[in-house]
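Asker:
In the numbering used here, the protein residues as written are 1393 to 1954.
1) Helix or strand or just coil, what does DSSP make of residue 1623?
2) Closer than 9 Å, CB to CB, is residue 1570 near chain C or not?
3) Could you please give the first and the last residue of the uninterrupted alpha helix (DSSP H) stretch that includes residue 1532?
4) Which parts of the stretch 1566-1595 are runs of the beta strand (DSSP E), unbroken and 3 residues or longer, counting only runs that do not cross its ends?
5) If contacts are defined as beta-carbon pairs under 8 Å, then residue 1656 and residue 1417 qualify, I think. What distance do you get, rounded to the angstrom?
6) Taking the alpha carbon of residue 1485 as the point to measure from, which residue in 1717, 1530, 1615, 1692 has its own alpha carbon closest?
7) Going by Cα to Cα distance, which pick from 1622, 1487, 1491 is closest to residue 1679?
8) Kindly indicate which three-state DSSP category residue 1871 falls into: helix, strand or coil?
9) Put residue 1906 into one of helix, strand or coil per three-state DSSP.
10) Measuring straight from C-alpha to C-alpha, what distance separates residue 1914 and residue 1621?
11) Which ranges does the alpha helix (DSSP H) cover as unbroken runs of at least 4 residues, wholly within the stretch 1824-1875, from first to last along the chain?
12) For residue 1656, which residues does DSSP report across the bridge?
13) I need the straight-line Cα distance from residue 1347 to residue 1847, nearest angstrom please.
14) With DSSP run on the structure shown, which of helix, strand or coil describes residue 1792?
15) How about residue 1925 and residue 1907: are their beta carbons less than 9 Å apart?
16) Identify the continuous alpha helix (DSSP H) that holds residue 1715 and give its terminal residues.
17) Between residue 1672 and residue 1886, is the Cβ-Cβ spacing less than 9 Å?
18) For residue 1573, which residues in the same chain have their Cβ closer than 6 Å to its Cβ, ignoring the five residues on either side in sequence?
19) Please report the Cβ distance between residue 1612 and residue 1437, rounded to the nearest whole angstrom; I am assuming they are in contact, meaning their Cβ atoms lie under 8 Å.
20) Give the DSSP bridge partners of residue 1774, in chain order.
21) Starting from the Cα of residue 1466, find the closest Cα among 1781, 1748, 1643 and give me that residue.
22) Identify whether residue 1884 lies in helix, strand or coil by the three-state DSSP scheme.
23) Alpha carbon to alpha carbon, how far is residue 1401 from residue 1511?
24) Would residue 1501 and residue 1841 be called neighbours here (beta carbons separated by less than 9 Å)?
25) On the CB-based measure, 16 or more other CB atoms within 10 Å of its CB, does residue 1831 come out buried or exposed?
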């Protein structure tokens, strides 16, 4: 037991942990020095040659980690993902982890990083949470290079007859910056371009990020980039990157970013961290290339989806599994006593108090996510991520509620104990996989109308009673069918905090309507984005951003990074 864990911050634990040279980590999974491209001593990318060699190997088993709807109390989904990978190795299984790259926006804002916490972290934590190997910067550059080429095309005669009022491609920045949501470009006279309204998204909301995470290889990446719709012409016909002839340059800018990044956990479990599409706007999963590579290198691969099961897991199971031709063997649903009490009606400052009634009420949120995973026909285990303030009576009540309904669960203490704190979860998970008699199934067919797909997700996954489409959304449904896009899956853009599209409705709301504001074709990624409620594609910083606590000492070590 790491009794000192409670006195150390995540960054202090990370910086005091001893890492192995990344060559040793690669050798442990059968990759020689010629199969990696080094980024210093502790980071590397898998080479294209190695990725090609791996294709003939047999796949291991995939485990998906998801959670209840997140709250400000914290759930620790990434921490459980890391701890479970470590725990599987501790009980003699050959395991790897496949996770997303953190975005600087949330890192500097409120949410924090994506490398786990306590003694279940991926290292080097500070570098991964900051610039890492430059993948997200490459995506920012490619996205904005395309934006520059679009405006230059207008300036140089507009051969494609692009309607400047119908340009849908936005610029991006990997930062939360609300002031850039709506801007005007091209001011300053004829030599500075065509004046028009524009705006910025956060980089991880760029379709290029989604494409990088769904592409099978660099050739597929180029094909997908060419399909991206960037505008409409004066006849209301879509204009693509291929029409502009820009896909080659974009692929060149992404040549290195498409290769997965190899790092390690505190306990030296190999981890591929690659890609990070925004989970409540895009599909919120790490790259297909990294997941497939991990499946060839290990017997068990632990991966995660973004936010709760209503967003991340639903998109993983409807979008990523179809695109990649994979399926998970089982699902872990992470919950905490604290978060369940918040779903049960308590405010954050009240969570230190024992409150059995609030816990029982909040359990309804977990129950809905369990029902959803059951709908998909997948075995699961609930991981109760223990916090120090959880009382013995609260834990006993949680166990009682699970036992009464036959819900498989395991008490998990990976933040404090690392892999040792996840052995019970690992063993329970393997038991559920071995005894599984279910068959995985999606909840809608690709041949269903787009409207029906949206309705299915809203009703079966969220528990909504109805879906209301704006007049704009209704027009888009007709247009998308006309363009031949109706065979694509839907990617719901919704608040992560609630099963509904209203972030204030915690727990398990009933008799609510999902309001669809508009739709966006992500043809390169291969899905239709459905914007609901007041969801933003460029977040803002909170009143006191996490960045205000960050610094660096005279030796260059990070301070205050969680």
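Every residue gets a Cβ at the ideal spot worked out from N, C-alpha and C, and that includes glycine.
Nothing here was measured: the structure is a model prediction, and the numbers come from that model.
Answerer: Considering the structure as presented:
1) strand
2) Here chain C cannot be found, since the structure has a single protein chain.
3) 1527-1547
4) Segments of the beta strand (DSSP E) lying fully in the stretch 1566-1595: 1575-1577, 1588-1590, 1592-1594.
5) 5 Å
6) Comparing Cα-Cα distances from residue 1485 to each of 1717, 1530, 1615, 1692, the minimum goes to 1692.
7) 1491
8) helix
9) strand
10) Their backbone Cα atoms lie some 7 Å apart in a straight line.
11) Within the stretch 1824-1875, the complete alpha helix (DSSP H) runs of at least 4 residues fall at 1842-1848, 1863-1875.
12) 1515, 1662
13) Residue 1347 falls outside the range modelled here, since the chain spans only 1393 to 1954, and no answer is possible.
14) The three-state reading of DSSP puts residue 1792 in helix, counting H, G and I together.
15) For the 9 Å CB-CB criterion, residue 1925 and residue 1907 form a contact.
16) 1713-1716
17) yes
18) 1591, 1930
19) Not quite, the Cβ-Cβ distance comes to about 18 Å (not below 8 Å), so this is no contact.
20) 1725, 1801
21) 1781
22) strand
23) 10 Å
24) no
25) exposed
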